[in-house]
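First to last, the protein sequences are chains A and B. Residue 437 is where the first sequence ends in my numbering, and the numbering goes up by one at each step. Residue 437 is where the second sequence ends in my numbering, and the numbering goes up by one at each step. Just so you know, even glycine gets a beta-carbon here, dropped at the ideal spot from N, CA and C. Note that the structure is predicted; figures quoted are calculated from it, not measured.
There are 2 protein chains.
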Amino acid sequence: MNYKKQKNSVEIICIGSELLLGNILNSNARWIAEELAALALPHYRQMVLGDNIDRLKSAILEASERCEILITTGGLGPTQDDITTISIASAFNSKLKERKDILLDIKNKLGFNGNIAENNYKQALLPIDAEILPNKNGTAPGMIWSPKENFTIITFPGVPSELKQMWTDSALPWLKRNKNSESILLSKTLRFTGIRESNLAEKLDILLQSKNPTIAPYASLGEVKLRITAKANSKEEANNLISPMILKILETTKSKCFSVNNESLPEVIINLLQRRCESISIAESCSGGLLGSSLTSVVGASSVFLGGIISYSNKLKTNLLGVPVKLIENNGAVSQSVAEAMAIGIRNETSSDWSIAITGIAGPTGGSSEKPIGLVYISIIGPKNFVDTKPYKFNPRRSRQEIQRLSVLKALDEFRLFLLATS
Amino acid sequence: MNYKKQKNSVEIICIGSELLLGNILNSNARWIAEELAALALPHYRQMVLGDNIDRLKSAILEASERCEILITTGGLGPTQDDITTISIASAFNSKLKERKDILLDIKNKLGFNGNIAENNYKQALLPIDAEILPNKNGTAPGMIWSPKENFTIITFPGVPSELKQMWTDSALPWLKRNKNSESILLSKTLRFTGIRESNLAEKLDILLQSKNPTIAPYASLGEVKLRITAKANSKEEANNLISPMILKILETTKSKCFSVNNESLPEVIINLLQRRCESISIAESCSGGLLGSSLTSVVGASSVFLGGIISYSNKLKTNLLGVPVKLIENNGAVSQSVAEAMAIGIRNETSSDWSIAITGIAGPTGGSSEKPIGLVYISIIGPKNFVDTKPYKFNPRRSRQEIQRLSVLKALDEFRLFLLATS
Numbered sequence: 015m016n017y018k019k020q021k022n023s024v025e026i027i028c029i030g031s032e033l034l035l036g037n038i039l040n041s042n043a044r045w046i047a048e049e050l051a052a053l054a055l056p057h058y059r060q061m062v063l064g065d066n067i068d069r070l071k072s073a074i075l076e077a078s079e080r081c082e083i084l085i086t087t088g089g090l091g092p093t094q095d096d097i098t099t100i101s102i103a104s105a106f107n108s109k110l111k112e113r114k115d116i117l118l119d120i121k122n123k124l125g126f127n128g129n130i131a132e133n134n135y136k137q138a139l140l141p142i143d144a145e146i147l148p149n150k151n152g153t154a155p156g157m158i159w160s161p162k163e164n165f166t167i168i169t170f171p172g173v174p175s176e177l178k179q180m181w182t183d184s185a186l187p188w189l190k191r192n193k194n195s196e197s198i199l200l201s202k203t204l205r206f207t208g209i210r211e212s213n214l215a216e217k218l219d220i221l222l223q224s225k226n227p228t229i230a231p232y233a234s235l236g237e238v239k240l241r242i243t244a245k246a247n248s249k250e251e252a253n254n255l256i257s258p259m260i261l262k263i264l265e266t267t268k269s270k271c272f273s274v275n276n277e278s279l280p281e282v283i284i285n286l287l288q289r290r291c292e293s294i295s296i297a298e299s300c301s302g303g304l305l306g307s308s309l310t311s312v313v314g315a316s317s318v319f320l321g322g323i324i325s326y327s328n329k330l331k332t333n334l335l336g337v338p339v340k341l342i343e344n345n346g347a348v349s350q351s352v353a354e355a356m357a358i359g360i361r362n363e364t365s366s367d368w369s370i371a372i373t374g375i376a377g378p379t380g381g382s383s384e385k386p387i388g389l390v391y392i393s394i395i396g397p398k399n400f401v402d403t404k405p406y407k408f409n410p411r412r413s414r415q416e417i418q419r420l421s422v423l424k425a426l427d428e429f430r431l432f433l434l435a436t437s
Numbered sequence: 015m016n017y018k019k020q021k022n023s024v025e026i027i028c029i030g031s032e033l034l035l036g037n038i039l040n041s042n043a044r045w046i047a048e049e050l051a052a053l054a055l056p057h058y059r060q061m062v063l064g065d066n067i068d069r070l071k072s073a074i075l076e077a078s079e080r081c082e083i084l085i086t087t088g089g090l091g092p093t094q095d096d097i098t099t100i101s102i103a104s105a106f107n108s109k110l111k112e113r114k115d116i117l118l119d120i121k122n123k124l125g126f127n128g129n130i131a132e133n134n135y136k137q138a139l140l141p142i143d144a145e146i147l148p149n150k151n152g153t154a155p156g157m158i159w160s161p162k163e164n165f166t167i168i169t170f171p172g173v174p175s176e177l178k179q180m181w182t183d184s185a186l187p188w189l190k191r192n193k194n195s196e197s198i199l200l201s202k203t204l205r206f207t208g209i210r211e212s213n214l215a216e217k218l219d220i221l222l223q224s225k226n227p228t229i230a231p232y233a234s235l236g237e238v239k240l241r242i243t244a245k246a247n248s249k250e251e252a253n254n255l256i257s258p259m260i261l262k263i264l265e266t267t268k269s270k271c272f273s274v275n276n277e278s279l280p281e282v283i284i285n286l287l288q289r290r291c292e293s294i295s296i297a298e299s300c301s302g303g304l305l306g307s308s309l310t311s312v313v314g315a316s317s318v319f320l321g322g323i324i325s326y327s328n329k330l331k332t333n334l335l336g337v338p339v340k341l342i343e344n345n346g347a348v349s350q351s352v353a354e355a356m357a358i359g360i361r362n363e364t365s366s367d368w369s370i371a372i373t374g375i376a377g378p379t380g381g382s383s384e385k386p387i388g389l390v391y392i393s394i395i396g397p398k399n400f401v402d403t404k405p406y407k408f409n410p411r412r413s414r415q416e417i418q419r420l421s422v423l424k425a426l427d428e429f430r431l432f433l434l435a436t437s
């Protein structure tokens, strides 16, 4: 069968035996596919191949007959099974040339004065007329190379963080410059918590059938995203399609939506507190540091987050947070009164405006019929004698880590709703 | 290029435009690939195609030249964009025939007495000599069909739960019956930190060329995994191939390997402490709770982890950890002496056997020429006056979250090495 190459058509080859062995999910293919969709570039085929030069060469040559742009991921590392560059060069009978600037960059990154590992030299070899695709975060650069007319190969390493950075820094500008399509796709992502995907879909029933913009829901643990994508001739036109749709969605979903801008819940909280010039401290038991870690992963957290106590043992609850021994003895460490005492204790200690405390049973052991696995108390204390302490019951069949994550999400979302209510 | 078909070789085609748009992860391909690996069936290529008959036909015909078994997922539903069966039939010029038993099954499942939707009739059409692959949980059956010698197609719907059930009930027994491979594959995963993938590969140079077992390295942030896979006639025989290889690797890599059993570093630490009946507490500044969260994500952490303080503000370092104000004023919060004072403070407070403190600059702001972003002090205090405090310099171009994660990994690994040294 013969293909007529479609203008700007793109294929992806993900390279790595770990994909063929089912060791890892192909998240790179998905991420790139999303980016291609946002650029409105036609994308009709993805392939996965292992670390085998002959099979890879063959797949590359096939793709070169069908598409104008081939994107590869993986196989750029320093080890013997990294065979992407050599396979590509060999497919088009090109020699490889050592690039001094790549070598220098590798030396700098590895912090060596003297000799770098033999293996790393391999990463400095590219086809003679290939353009280097720099890799800020790793030693494996990629390339942009057009070995024949109407066919360009762009290579990326398999490490997702490196791939994404290189895409944004270099490949995306190159694609926009060279493969400009007439229409554009523009997306906005709304994020929700406290509502199931099926309930959200039911509420939005008719809206989900919209053709332009389209609305696609994605669910993950404790969260649902809606991606609204408009196809238009300009960014302004696309925005004019998207904005009324967002308003309609918010009319139905109200405060269940915590961001219309793809921010994470901790980012939303830090931003809200910064705007209010208010500070927060935390006391964690079953979440063991995850609440603090979530908040402090946000750039600028230090302007509002004062700190916290991981009072895993009861002794720490008493000594550091001032939770009375009697209270723990009478009600248990997982109780409404202890949660509240923890929140009061850390707020007094830090003089923060707000405090959040979490205590519960994350499992897989430690549950009882009275206090089952998944029972979590969250207490929030704030200005003007604000106190709110409530129990939550998460599915006990969930893993320890899932119950910890859901507890933190719930605490942050409850806090967000109180901040909105008192703004 | 011509392929000689390898005996029992399998390819996978996943069909659905939602995959090409990046709307969903291709978890089906991974799942099937894992199953194929467990059956020791050779699997060299996966493809993803959209809902387009011509392109799909073409990919199916190509695959029929390369492999003996083609597995497809998706495109069996009742809607117009479900085109898998018709594409396959058309590729091999076969007519479709309505199957009465499928129709009956669909009627039963939909609970209709009378007429079923026009669309559902489509699902009852299969090539004349194809065998039905029943679908207990949905209306879309698959098929097992050999349109030519040495080539069989097995089709599945895209819904993961239906696919898995059909695999287990029908496809797996068929594969075992018809494509019985004598051998099995067995894997063990070794995990390393404190060594780069390229250095590890150089150290293991000759071992990496081993054919059975094979050794495959995978790198992620701050960590390298080696997966050792043996092909053998029995589990025992496979273990006899793997065990000496692990010993050889450990001879070379020594303590850089933190697990021979695919455990995470926090799991290793918790297990070590449990065996020693020793406890730990922590004080975190720049890592903001991530060290605590890593440790408490492990089942059973509460038996050894007492708790900690996230002393994000200097006031908390002084009030809760007893770090002298003068010390912070003179040396800065990011300094060797403050790190040590934090570790001493939390150990005194909790009476734990060990304590770890982390203070540093995670960025993206707050660095200076003297104390750049990425500078992190880690202090470990333990029994018998054990004290170790050292600075580490992480790449300042890394993101805040990466520096936080690398700091925690480094702290846990240093601690592991001290535990090993004093055991």
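**OP:** Quick one: using the 10 Å Cβ neighbour count with 16 as the cut-off for buried, is I67 of chain B buried or exposed?
**Re:** exposed
**OP:** Find out if the Cβ-Cβ distance for the pair S393 of chain B, A357 of chain B is shorter than 8 Å.
**Re:** Remark: C-beta atoms of S393 of chain B and A357 of chain B approach each other more closely than 8 Å.
**OP:** Note down the Cα distance separating K114 of chain A from R419 of chain B, rounded to an integer number of angstroms.
**Re:** 32 Å
Subject >> Supposed contact pair S299 of chain A and A347 of chain A - C-beta distance, whole angstroms, cut 8 Å >> reply: Sure, about 7 Å apart at Cβ, within 8 Å.
Original post:
Is the CB-CB distance between R69 of chain A and L63 of chain B below 8 Å?
Top reply: no
**OP:** Name the residue from B:S72, B:I83 and B:W45 whose alpha carbon lies nearest to the alpha carbon of K21 of chain B.
**Re:** B:I83
Original post:
List, in order along the chain, the chain B residues whose C-beta lies closer than 7 Å to that of D119 of chain A?
Top reply: By Cβ distance, chain B contributes nothing, its closest Cβ being about 12 Å from D119 of chain A, past 7 Å.
Original post:
In whole angstroms, what is the alpha-carbon distance linking R324 of chain A and A371 of chain A?
Top reply: Reading off the sequence shown, one finds Ile at residue 324 of chain A, where the question assumed Arg. Roughly 10 Å between the two C-alpha positions.
Original post:
Do you know offhand how far I146 of chain A's Cα is from W45 of chain A's?
Top reply: 22 Å
**OP:** Taking 8 Å as the threshold, find out whether the segment 267-282 of chain B comes into contact with the segment 271-279 of chain A through three or more Cβ pairs.
**Re:** no
Original post:
Are the beta-carbon atoms of A131 of chain A and L200 of chain A separated by less than 8 Å?
Top reply: no
Original post:
According to DSSP, what are the bridge partners of Q60 of chain B?
Top reply: The partner list for Q60 of chain B (beta bridge, DSSP) reads A:V62 and B:I26.
Original post:
Rounded C-beta distance between K150 of chain B and T203 of chain B? I'm assuming under 8 Å.
Top reply: Not quite, the Cβ-Cβ distance comes to about 34 Å (not below 8 Å), so this is no contact.
**OP:** Report yes or no: is there a C-beta of chain B within less than 8 Å of the C-beta of I319 of chain A?
**Re:** The question names Ile, but residue 319 of chain A in the sequence shown is Phe. Answer yes: the Cβ-Cβ gap between F319 of chain A and chain B drops below 8 Å somewhere.
Original post:
In the structure shown, what three-state DSSP assignment does V238 of chain B receive?
Top reply: strand
Subject >> Closest by C-alpha distance to P171 of chain B, when choosing among B:G88, B:C291, B:V339 and B:L279 >> reply: B:G88
Original post:
In whole angstroms, what is the alpha-carbon distance linking L75 of chain A and V282 of chain B?
Top reply: Spanning the alpha carbons of L75 of chain A and V282 of chain B requires a straight line of approximately 46 Å.
Original post:
Exposed or buried, which one is N40 of chain B when buried takes at least 16 other CB atoms within 10 Å?
Top reply: buried
Subject >> Host alpha helix (DSSP H) of E49 of chain B (start-end) >> reply: Counting along the chain, the alpha helix (DSSP H) containing E49 of chain B begins and ends at S41 to A52.
**OP:** Select from the segment 347-366 of chain B all residues with a C-beta closer than 7 Å to any C-beta belonging to chain A, and list them in chain order.
**Re:** E363 and T364
Original post:
Which value, in whole angstroms, describes the spacing of the CA atoms of N226 of chain B and E32 of chain B?
Top reply: Going by the C-alpha atoms only, they are around 39 Å apart.
Subject >> Selected residue, minimal CA-CA separation from L423 of chain B, among B:F408, B:S437, B:E25 and B:L434 >> reply: B:F408
Original post:
Considering T87 of chain B, what are the terminal residues of the beta strand (DSSP E) in which it resides?
Top reply: I83 to T87
Subject >> Residues from the segment 217-239 of chain B in contact with chain A, defined by Cβ distance under 8 Å >> reply: L222, Q223, A230, P231, Y232, A233, S234 and L235
Original post:
Between R361 of chain B and L235 of chain A, what straight-line distance do the alpha-carbon atoms span, to the nearest angstrom?
Top reply: 36 Å
**OP:** Would you identify the three-state DSSP class for R411 of chain A, choosing helix, strand or coil?
**Re:** R411 of chain A: coil per DSSP, three-state reduction.
Subject >> K162 of chain A - containing beta strand (DSSP E), residue span >> reply: G156 to K162
Original post:
Going along chain A in order, which residues have a C-beta closer than 9 Å to the C-beta of W181 of chain B?
Top reply: By Cβ distance, chain A contributes nothing, its closest Cβ being about 13 Å from W181 of chain B, past 9 Å.
Subject >> Secondary structure of G125 of chain A, DSSP reduced to three states >> reply: coil
Subject >> Start-to-end residues for the beta strand (DSSP E) that takes in L221 of chain A >> reply: L221 of chain A -> no beta strand (DSSP E), and no H or E assigned at all.
**OP:** Could you tell me which residues DSSP pairs with C291 of chain A in its beta bridges?
**Re:** In DSSP, C291 of chain A forms no bridge with anything.
Original post:
Would K71 of chain A be called buried (16 or more neighbouring beta carbons within 10 Å of its own) or exposed?
Top reply: Per the 10 Å Cβ criterion, buried.
**OP:** Measure the alpha-carbon distance for M15 of chain A versus E25 of chain A and round it to whole angstroms.
**Re:** Any reading at M15 of chain A must be qualified, since the residue scores a pLDDT of 42, below 50, and its modelled position is unreliable; the value itself is stated next. So the alpha carbons of these two residues sit roughly 18 Å apart.
Subject >> is_contact[M15 of chain B, chain A] using C-beta, thresh 8 Å >> reply: With a pLDDT of only 43 at M15 of chain B, under 50, the local geometry of the prediction cannot be trusted, and no value is derived from it.
Subject >> Span of the alpha helix (DSSP H), counted from its first residue to its last, around L34 of chain B >> reply: S31 to L34
Original post:
With 8 Å set as the bound, which would you pick, yes or no: does the beta-carbon of I256 of chain B sit closer than that to a beta-carbon of chain A?
Top reply: no
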